[in-house]
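Enquirer:
Residue numbers (our numbering): 1 to 211.
1. Less than 8 Å between the CB atoms is what I'm expecting for residue 74 and residue 82, so what's the real figure, rounded?
2. In this structure, what does DSSP give as the bridge partners for residue 205?
3. Please report the Cβ distance between residue 215 and residue 8, rounded to the nearest whole angstrom; I am assuming they are in contact, meaning their Cβ atoms lie under 8 Å.
4. Does the structure place the region 115-125 close enough to the region 149-158 that three or more beta carbon pairs sit under 8 Å?
5. Rounded to a whole number of angstroms, what is the C-alpha to C-alpha distance between residue 175 and residue 110?
6. Taking the beta strand (DSSP E) that residue 183 falls in, what are its first and last residues?
7. Return the chain-ordered list of same chain residues with a C-beta closer than 7 Å to the C-beta of residue 168, the five sequence neighbours on each side being excluded.
8. By how many angstroms is the C-alpha of residue 191 removed from the C-alpha of residue 60?
9. DSSP three-state label for residue 100, please.
10. Assuming residue 160 and residue 181 form a contact by the criterion Cβ under 8 Å, report the distance between their Cβ atoms to the nearest whole angstrom.
11. Does the beta-carbon of residue 88 have 16 or more other beta-carbons within 10 angstroms, so that it is buried, or is it exposed?
12. Is the beta carbon of residue 205 less than 9 Å from the beta carbon of residue 173?
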């Protein structure tokens, strides 16, 4: 078995941290092309394919034109979460008997990913997020903490209908200490535009990111 495959399996089984995997993948040039080859055209075109029962990062992959490496290494709250989800899910298509486990060094980023709020982030937004998490009662059970955190973050970072699917790291705009409301996103060639609304000043803010 090739070393890069062993690396992917160890990471999928939770025997390697996200940070260590990030270091290892940089010296394994065959790793990402191999993982990319496992994402078939059928998986890409069929959102009901059984693969998506294991992998929960379809939206992120779709936003990046199903480029595995680009999506897995996208920074933001979902960085290690998305990376492990994508890598482990693809590895399991070839080695179905492996036991997928969360890697060590559980972080705030993993927590945000688990509660489905990894689309929130940015220089000022991170400060607000941390403040919300710090104010949660310390005696909450894990499930209660997740539920309460999600509720509070949803209130603080409002969306009109759908959450933003960032193609790079999240850049949620903030005005006078208050996050703007996400309206929609549009794609124009290699550029994705994210529209936010500032209710206090009755104006829109557009964030642009390149694929």
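All residues carry an ideal CB built from backbone N, CA and C; glycine is no exception.
Expert: This is what the structure holds:
1. The residue you call residue 74 lines up with position 74 of the chain shown. The residue you call residue 82 lines up with position 82 of the chain shown. Correct: roughly 7 Å between the Cβ atoms.
2. Within the chain shown, numbered from 1, the residue matching residue 205 stands at position 205. According to DSSP, residue 205 bridges with 196.
3. Outside the shown range of the chain, which is 1 to 211, sits residue 215, and nothing can be said about it.
4. Counting C-beta pairs closer than 8 Å gives three or more between the region 149-158 and the region 115-125, which meets the contact rule.
5. Working through the chain shown from its first residue, we reach residue 175 at position 175. Working through the chain shown from its first residue, we reach residue 110 at position 110. So the alpha carbons of these two residues sit roughly 27 Å apart.
6. Here the question's residue 183 lines up with position 183 in the chain shown. It spans 181-188 - the beta strand (DSSP E) in which residue 183 sits, taken as one unbroken run.
7. Residue 168 sits at position 168 when you count from the first residue of the chain shown. Once the five neighbours on either side are set aside, the close Cβ partners of residue 168 are 74, 209.
8. Taking the first residue of the chain shown as position 1, residue 60 is located at position 60. Taking the first residue of the chain shown as position 1, residue 191 is located at position 191. Answer to the nearest angstrom: the Cα atoms are 15 Å apart.
9. Residue 100 sits at position 100 when you count from the first residue of the chain shown. Residue 100: coil per DSSP, three-state reduction.
10. In the chain shown, residue 160 corresponds to position 160, counting from 1. In the chain shown, residue 181 corresponds to position 181, counting from 1. The beta-carbon separation of residue 160 and residue 181, rounded to 7 Å, stays under the 8 Å limit for a contact.
11. Here the question's residue 88 lines up with position 88 in the chain shown. Buried.
12. Counting from one through the chain shown, the residue named residue 205 turns up at place 205. Counting from one through the chain shown, the residue named residue 173 turns up at place 173. Contact: yes.
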